[in-house]
Amino acid sequence: MRFPALRLFALPIAVAALIGGSPGLMAQEPKAEIGESAPGSLPAQQPATMPASETHIAFLYRPVPAPSSYDAEADPEDLGVAGARMAVKDNNSTGRFTKQTYTLDEVALEEGKSAVDAAKELAGKGVKYFVVALPSAELLAVADALKDDGVAVFNAGAPDDSLRGADCRINVFHTIPSRAMQTDAIAQYMTLMRWRKIFLIVGPSERDKAYAEAMKNSARKFGLKITAEKPWTFGPLMKARGDTPTRAEAMIFTRGIDYDMAVVADEEQDWGEYVPYRTVDPRPIAGTAGLVATTWHPTLETWGAAQAQNRFRRLSGRLMRPLDYQAWAGVRSVGEAATQKKTTEAATLVPYLVDPAFNLPAYKGVSLSYRPWDHQLRQPIIVVQPKAMVSVAPEQGFIHQRTPLDTLGTDQPETTCKFK
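In our numbering, the protein residues as written are 1 to 420.
Shown next, in the form of structure tokens:
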């Protein structure tokens, strides 16, 4: 018998609970750095009788182009790659007890190079695990090209809800949250704060519109009201130089609107950061700027995350970003499943990823798992502003018959996923 998802909520007794997140999310506290002995993995005294094996994990990505001029927020050249490298190091640290070794095959897809050709070449050499940081179209092309090879493809870079719905693939597992999970996290926080009216500002790109659509769905799901929606028509003001008449027009863009929070949909990062502190009325900003829902942030320090932050900085010389964490989670999923099942054989590990027994300790307060109906990694979403963590979703009071984590994103009764 299948029960409908419960979405009851209640305000917490103390606002201080915002910083700590839900009490149910605090059960798992890593006791050591994964580089020493991964949290939740088998202890050193486990029998090391398995035959030695080397497991290759491929990381497919397109190199980040260098900015044409100074950009304080420019993506690092090793974005994502650095997270995968740390995860392989973690896998090898744990694997030494079971005589499992791991190698990362880094595939930088230069302009004009086919992701499908690169993936097929690696699969032909026996690679069974692929972590992919590519747009949805390329991700699907890779997954379809490898559908008969018994491989697992970990999506670290495409948040599209369709990949968990009509375009889902049975060999794809998602370590990046869907847009629905991100906007649900924002909507839960707004509900908690009793900020019920939204002014939605939507950028011109297809990605911006997809984020806005996810926000509308989240508003309906949690009983919020979008009192106004406007397209952004002033261009990429964050990238402009000097004052222009357009800037003056943008400053009165929010006049005459009744709202509690403005939500900006600017996944291209062209203009969203221009909105905070320039609204006519003093209102908070959320979405892709201001208050942001994400997987990882430099200010996350609880649940052993500070140790992970320090290790990453020692290894890469910079701070960990969300894509680094998502790539790390994909590579670590392979290593943790192999440790738990005492084998690296894909025929055993791929179906085990959605087994209720599988869990991934990942510095989030609880062990993570993959949803069997769409292969999305269940995980808490941190809600942050640029210099501090504000809250953790699922918020206190949002309950579910399986796990509060399933209040974020598409639940099983609502899914349109039919695996291909």
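Positions of the beta carbon are idealized from the N, C-alpha and C atoms, including for glycine.
A quick note: this is a predicted structure, and the numbers were derived from the prediction, not measured.
Under DSSP, Tyr61 forms a beta bridge with Ala108 and Ala133.
Under DSSP, Ile198 shares a beta bridge with Ile226 and Met261. Thr55 sits in a strand when the DSSP states are folded into three classes. For the pair Val331 and Asn91, the Cα-to-Cα distance works out to about 8 Å. Look at the beta carbons and you see the stretch 173-188 touching the stretch 400-412: at least three pairs across the two are nearer than 8 Å. Using a C-beta cut-off of 8 Å, the stretch 301-309 makes no contact with the stretch 268-287, since fewer than three inter-stretch Cβ pairs fall below that distance. Close CB contacts of Cys417 within its chain, under the 7 Å cut and outside five residues either way in sequence, are with Arg164, Gly165, Cys168, Trp373 and Asp374 (chain order). For Gly124, the uninterrupted alpha helix (DSSP H) run begins and ends at Ala115 to Gly124, by DSSP. Per DSSP, Phe154 lies in no alpha helix (DSSP H); the unbroken beta strand (DSSP E) holding it starts and ends at Ala152 to Asn155. Residue Gly290 holds the alpha-carbon nearest to the alpha-carbon of Tyr277 among Gly290, Thr233 and Asp270. At the C-beta level, Val153 and His56 stay beyond 7 Å of one another. DSSP places Ala393 in the uninterrupted beta strand (DSSP E) bounded by Ala388 to Ala393.
Thr101 is bridged by DSSP to Glu54.
About 5 Å separates the CB atoms of Leu192 and Glu395; that is less than 8 Å, so the two are in contact. Secondary structure at Thr294: strand, using DSSP grouped into helix, strand and coil. The beta carbon of Ile186 sits closer than 6 Å to those of Ala286 and Ala293, all from its chain and outside the five residues before and after it, given in chain order. If you look at Phe173, you'll find it in the beta strand (DSSP E) that goes Val172 to His174. Between Ala72 and Ala327, the C-beta gap is not smaller than 7 Å, which leaves the two residues out of contact. Around the beta carbon of Glu138, a 10 Å sphere encloses 16 or more other beta carbons of the protein chains shown; the residue is thus reported as buried. Here the stretch 261-268 lies against the stretch 189-204, with 3 or more beta-carbon pairs under 8 Å apart.
For Thr227, the closest alpha carbon among the candidates Ile257, Val383, Ala143 and Glu267 is that of Ile257. For Ala286, there is no enclosing alpha helix (DSSP H); the residue is found in the beta strand (DSSP E) stretching over Ile285 to Gly287.
The beta carbons of Pro236 and Asp270 sit about 4 Å from each other, so the pair counts as a contact at 8 Å.
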